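**Q** For the protein sequence lines, the chains are A and B, in the order given. So in this note's numbering, spot 134 of the first sequence is number 131, and the numbers just go up one at a time. So in this note's numbering, spot 174 of the second sequence is number 552, and the numbers just go up one at a time. Following this message is one structure expressed as structure tokens.
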Amino acid sequence: MSTTILVADRVSQRFGGIQAVNDVSFALKEGEIVALIGPNGAGKTTLVNMMTGVRRPTEGHVRFQGEDVTAQRPFEAARRGIARTFQIVQPFPRMSVLENVAAGALFGGALPSVADALAAAREQLEFMELAPFADRPASALTLAGRKRLELAKSMAMQPKLLLLDEVNAGLNSGEIDGALALIRKIAARGVTILIIEHLMKVVLSLASRVLVLHHGQLIAEGDAAEIVKDRRVIEAYLGEKFARRIAAGGAIERPHG
Amino acid sequence: MSRRLQYIIFVLWVLALATTPFWATNYIVRLAITIAMYTSLALSWNFIGGFTGYPSFSTAAFFGLGCYAGAVSQRHGVPMVLAWIVATFFVGAFATGLGAIILRMRGHYFAIASIAVVEVVRLVVSSWGSLTGGGDGLNLPLLTGGPNAVARIFLLVMIAIMVIVFVVTALVDRSRLGFGLRCIQQNEDAADMVGVDTTRYKVAAYTLSALFCGTVGAAYASWIGYIEPSDSFSIIMTVKVPVMCLLGGPGTMLGPVIGTAAFTLLEEVFWANFLDYNRAILGAVIVVLIFFLPGGLLALSWRDLVKRFAFRPQKAST
Chain A
-2 MSTTILVADR VSQRFGGIQA VNDVSFALKE GEIVALIGPN GAGKTTLVNM
48 MTGVRRPTEG HVRFQGEDVT AQRPFEAARR GIARTFQIVQ PFPRMSVLEN
98 VAAGALFGGA LPSVADALAA AREQLEFMEL APFADRPASA LTLAGRKRLE
148 LAKSMAMQPK LLLLDEVNAG LNSGEIDGAL ALIRKIAARG VTILIIEHLM
198 KVVLSLASRV LVLHHGQLIA EGDAAEIVKD RRVIEAYLGE KFARRIAAGG
248 AIERPHG
Chain B
379 MSRRLQYIIF VLWVLALATT PFWATNYIVR LAITIAMYTS LALSWNFIGG
429 FTGYPSFSTA AFFGLGCYAG AVSQRHGVPM VLAWIVATFF VGAFATGLGA
479 IILRMRGHYF AIASIAVVEV VRLVVSSWGS LTGGGDGLNL PLLTGGPNAV
529 ARIFLLVMIA IMVIVFVVTA LVDRSRLGFG LRCIQQNEDA ADMVGVDTTR
579 YKVAAYTLSA LFCGTVGAAY ASWIGYIEPS DSFSIIMTVK VPVMCLLGGP
629 GTMLGPVIGT AAFTLLEEVF WANFLDYNRA ILGAVIVVLI FFLPGGLLAL
679 SWRDLVKRFA FRPQKAST
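This is the structure:
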């Protein structure tokens, strides 16, 4: 029996005349990995911003562990146990890798002292296989390294829910395999994960459930293997014409066996 | 530079300043008072400008308010030392309230707002004649005992304030607050995301940057015995103090101390030798130093400098 950890209840976000997210509702259960997919500009990042207090929904509510957190500020979200990574990495560039992670442990993980935070950060770097880089400045890491650092920083906050915004964007296939293994390791610790992703390889191999966002609306939700065959999803990604052609040719619709 | 070395250098510097009456002329003693005073101001600015990375130009506002809070209290019969404490907390409270408003701005906008504060406070003080004496200024009761004895007392007072600010700096540097301020300095959004309550931290830093400026201002007023608005709220001071801190090394413990000493001594040299052009030369020196030493004097690696100029045989490749 798993309990619900996060609920988005009919949330909307308007920027002037643009409806970035429109009346979206979903729920995440404790311990599951859910993927959030959709074409560019679908409103995925905006949705994550509303879950973490970066933007307040213009309508609707967000509940975390039964508590209404719609009006929370980002640092409050962090202390509650909602951690996120950014599509564009956000390190503290002139701090060492160790200090970056310690910042997460100290403030998000609410450890009592800087020394405790540094110790916790060392453990976290071990877990994330970043230990050899502990004393390098964050700005000296490769992109893959910085993405991993971003993960380590989030994990040091001892989150209950982790929102990953395109952690694999810009990585080569070898690096992606490494990141996949890492995300599995994190999930094994019981952290609920919502992952924004473009790569179907990642979505299919990780997520038990997929949410599809298009033009700010939730157009489909369900099992990963089912969702890739959903006509609306194909339409959203490839356009109506291709969706019809695929349906006619049966390239994807063809049943297994 | 290791923490320990910084402490040692600071202690030696304090001893050098404190003993000036025994081995130097009155001119040097007066210079030592000025250095101790500006060191406290630069160390204060370091909290907001160095650790937090917010370019604040409010120093003169805090200093001037401290002058007036101390002077007005003393004229209403508050004993001198108590008046300094009153000034400290008055200025601290002023900065807390003000910070909650102007720290919502970032970068250039914050800088402009903070500099405007100096002008606004100066105008209010000049216009409020019934309390502050307006443009005529205020006289304070002078200490008895002759100029030399008074100079010695205020030398020790200014050094004591400097030591207190340094100790607070050292405490903040190792604490959760200092860590959080550094996070804000490097990436404020990321700091927010890892759980730093950025607004509260910034207000704390701004308050710390004001608190001891108030003490210094009140002590200065008691020392000089006469204050007036254009001296207390000088725009030169509001620029000079950040430059001192930047020159030494912002965000470090010893940087503001070294920077203030270097700056004051340079200023004296140019003042003595080039009476007409001293400000122009000083300006050029500042530009050069900030251009070539963005991290301040403390960031210089002396070992690298020595290596660069020393003969080094080429490494044989294997």
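Note that CB positions come from ideal geometry on N, CA and C, so glycine has one too. All figures in this text were calculated on a predicted structure; none of them were measured in a lab.
Helix, strand or coil for residue 588 of chain B? Go by DSSP, reduced to three states.
**A** The sequence position of residue 588 of chain B within the second sequence is 210, counting from 1. Three-state DSSP puts residue 588 of chain B in a helix.
**Q** Rounded to a whole number of angstroms, what is the C-alpha to C-alpha distance between residue 175 of chain A and residue 391 of chain B?
**A** Position 178 of the first sequence holds residue 175 of chain A. Position 13 of the second sequence holds residue 391 of chain B. Straight-line Cα distance between these residues: approximately 53 Å.
**Q** Compare the C-beta of residue 379 of chain B with all C-beta atoms of chain A and state if any pair is closer than 8 Å.
**A** Numbered from 1 along the second sequence, position 1 holds the residue referred to as residue 379 of chain B. Judged by the 8 Å Cβ criterion, residue 379 of chain B is not in contact with chain A.
**Q** Return yes when the Cβ of residue 439 of chain B is within less than 8 Å of the Cβ of residue 448 of chain B, no when it is not.
**A** Mapped onto the second sequence, residue 448 of chain B falls at position 70. Mapped onto the second sequence, residue 439 of chain B falls at position 61. No, the pair does not count as a contact, with Cβ atoms beyond the cut-off.
**Q** With C-beta atoms as the reference, is residue 494 of chain B less than 8 Å away from residue 595 of chain B?
**A** Taking the first residue of the second sequence as position 1, residue 494 of chain B is located at position 116. Taking the first residue of the second sequence as position 1, residue 595 of chain B is located at position 217. No.
**Q** May I ask you to list, following chain order, the residues of the stretch 383 to 401 of chain B that have a beta carbon less than 7 Å from some beta carbon of chain A?
**A** The residues in question: there are none.
**Q** Look up residue 604 of chain B in the DSSP assignment and say whether it is helix, strand or coil.
**A** The residue labelled residue 604 of chain B in the question sits at position 226 within the second sequence. Strand.
**Q** For residue 456 of chain B and residue 551 of chain B, what's the separation of their Cα atoms in angstroms?
**A** The residue you call residue 456 of chain B lines up with position 78 of the second sequence. The residue you call residue 551 of chain B lines up with position 173 of the second sequence. When rounded, the distance between both Cα atoms is 35 Å.
**Q** Within 10 Å of its beta-carbon, does residue 123 of chain A have 16 or more other beta-carbons around it, so buried, or fewer, so exposed?
**A** For the purposes of this step, residue 123 of chain A is identified with residue 126 of the first sequence, where counting begins at 1. Label assigned to residue 123 of chain A: exposed.
**Q** Given the structure, does residue 85 of chain A come close to the ligand NAD, in the sense that its CB is under 7 Å from one of the ligand's heavy atoms?
**A** Absence of the ligand NAD from the depicted structure is noted, as is the absence of any ligand whatsoever, leaving it without description.
**Q** Give the residues of chain A in contact with residue 552 of chain B, contact being defined as C-beta atoms less than 8 Å apart.
**A** The residue you call residue 552 of chain B lines up with position 174 of the second sequence. Correct list: 111.
**Q** Under 8 Å between C-beta atoms, does residue 564 of chain B make it to chain A?
**A** Taking the first residue of the second sequence as position 1, residue 564 of chain B is located at position 186. Answer yes: the Cβ-Cβ gap between residue 564 of chain B and chain A drops below 8 Å somewhere.
**Q** Measure from the C-beta of residue 242 of chain A to each C-beta in chain B and report whether the shortest distance is under 8 Å.
**A** The count along the first sequence starts at 1 and reaches residue 242 of chain A at position 245. Residue 242 of chain A does not count as touching chain B.
**Q** Could you tell me whether the Cβ atoms of residue 427 of chain B and residue 628 of chain B are closer together than 8 Å?
**A** One-based indexing of the second sequence puts residue 427 of chain B at position 49. One-based indexing of the second sequence puts residue 628 of chain B at position 250. In contact: residue 427 of chain B and residue 628 of chain B (Cβ atoms closer than 8 Å).
**Q** Run through the DSSP bridge pairs and tell me what residue 134 of chain A is partnered with.
**A** Working through the first sequence from its first residue, we reach residue 134 of chain A at position 137. DSSP output for residue 134 of chain A lists A:93 as bridge partner(s).
**Q** Please list, in chain order, the chain B residues whose beta carbon lies closer than 8 Å to that of residue 144 of chain A.
**A** Mapped onto the first sequence, residue 144 of chain A falls at position 147. Correct list: empty, because the minimum Cβ distance to chain B is about 14 Å.
**Q** Give a yes or no on whether the minimum CB-CB distance between residue 558 of chain B and chain A is below 8 Å.
**A** Indexing the second sequence from 1 puts residue 558 of chain B at position 180. By this cut-off, residue 558 of chain B is an interface position.
**Q** Based on the DSSP secondary-structure assignment, which residues constitute the bridge partners of residue 10 of chain A?
**A** The residue given as residue 10 of chain A occupies position 13 in the first sequence. In the DSSP output, where bridge partners are listed per residue, residue 10 of chain A has A:18.
**Q** Using a Cβ-Cβ cut-off of less than 7 Å, give me the residues of the stretch 181 to 206 of chain A that come near chain B, in sequence order.
**A** Taking 7 Å as the Cβ-Cβ cut-off against chain B, none of the residues of the stretch 181 to 206 of chain A qualify.
**Q** Residue 437 of chain B: which of B:576, B:659, B:652, B:610 sits nearest, CA to CA?
**A** Within the second sequence, numbered from 1, the residue matching residue 437 of chain B stands at position 59. Selected option, being the one with the closest Cα: B:610.
**Q** Starting from residue 527 of chain B, follow the alpha helix (DSSP H) in both directions and report where the run begins and ends.
**A** By 1-based counting over the second sequence, the position of residue 527 of chain B is 149. 524 to 552 is the span of the alpha helix (DSSP H), which, as asked, contains residue 527 of chain B.
**Q** Spatial neighbours of residue 90 of chain A within its chain, please: C-beta separation below 8 Å, excluding the five flanking residues on both sides.
**A** Counting from one through the first sequence, the residue named residue 90 of chain A turns up at place 93. Around residue 90 of chain A: 134, 135, 136.
**Q** Helix, strand or coil: how does DSSP classify residue 190 of chain A here?
**A** The count along the first sequence starts at 1 and reaches residue 190 of chain A at position 193. Looking at residue 190 of chain A - three-state DSSP - the assignment turns out to be strand.
**Q** Hey, how far is the Cα of residue 497 of chain B from the Cα of residue 188 of chain A?
**A** As a working mapping, residue 497 of chain B is identified with position 119 in the second sequence. As a working mapping, residue 188 of chain A is identified with position 191 in the first sequence. Going by the C-alpha atoms only, they are around 54 Å apart.
**Q** Counting C-beta neighbours from all protein chains within 10 Å, is the total for residue 211 of chain A 16 or more, i.e. buried, or is it exposed?
**A** Residue mapping note: residue 211 of chain A aligns to position 214 of the first sequence, counting from 1. Flag for residue 211 of chain A reads buried.
**Q** Just the Cα atoms here: how many angstroms apart are residue 161 of chain A and residue 13 of chain A?
**A** Here residue 161 of chain A refers to the residue found at position 164 of the first sequence. Here residue 13 of chain A refers to the residue found at position 16 of the first sequence. Between residue 161 of chain A and residue 13 of chain A, the C-alpha separation is close to 27 Å.
**Q** What does residue 103 of chain A reach in chain D if we use C-beta pairs closer than 7 Å?
**A** Given the protein chain composition of this structure (A and B), no chain D is represented.
**Q** Take the Cβ of residue 229 of chain A as the centre, count every other Cβ of all protein chains shown within 10 Å, and call the residue buried at 16 or more, exposed below.
**A** Here residue 229 of chain A refers to the residue found at position 232 when the first sequence is read from its first residue. That one is exposed.
**Q** Could you spell out the range, first to last residue, of the beta strand (DSSP E) harbouring residue 173 of chain A?
**A** Walking along the first sequence from the start, residue 173 of chain A turns up at place 176. No beta strand (DSSP E) contains residue 173 of chain A, which is instead part of the alpha helix (DSSP H) from 170 to 185.
**Q** Can you pull the chain B neighbours of residue 81 of chain A, defined as C-beta to C-beta under 8 Å?
**A** The residue you call residue 81 of chain A lines up with position 84 of the first sequence. Neighbours of residue 81 of chain A on chain B, chain order: 571.
**Q** Output, in sequence order along the chain, the residues in the stretch 589 to 621 of chain B whose CB is closer than 7 Å to any CB in chain A.
**A** Listed in sequence order: no entries.
**Q** Tell me the rounded alpha-carbon separation between residue 182 of chain A and residue 73 of chain A.
**A** Taking the first residue of the first sequence as 1, we reach residue 182 of chain A at position 185. Taking the first residue of the first sequence as 1, we reach residue 73 of chain A at position 76. Taking the straight line from one Cα to the other gives about 26 Å.
**Q** By Cβ distance, which residues of its chain are closer than 8 Å to residue 529 of chain B, with the 5 residues on each side in sequence left out?
**A** The count along the second sequence starts at 1 and reaches residue 529 of chain B at position 151. Hits under 8 Å: 399, 404, 407, 408, 411.
**Q** Provide the residue(s) that pair with residue 517 of chain B in DSSP beta bridges, ordered along the chain.
**A** Counting from one through the second sequence, the residue named residue 517 of chain B turns up at place 139. DSSP, once it has assigned bridges, lists B:604 as partnering residue 517 of chain B.
**Q** Okay, do the stretch 106 to 115 of chain A and the stretch 606 to 620 of chain B touch, 3+ Cβ pairs below 8 Å being the bar?
**A** At 8 Å Cβ cutoff, the stretches do not touch.
**Q** What are the boundary residues of the beta strand (DSSP E) that includes residue 127 of chain A?
**A** Working through the first sequence from its first residue, we reach residue 127 of chain A at position 130. Note, residue 127 of chain A: premise wrong, no beta strand (DSSP E); not H, not E.
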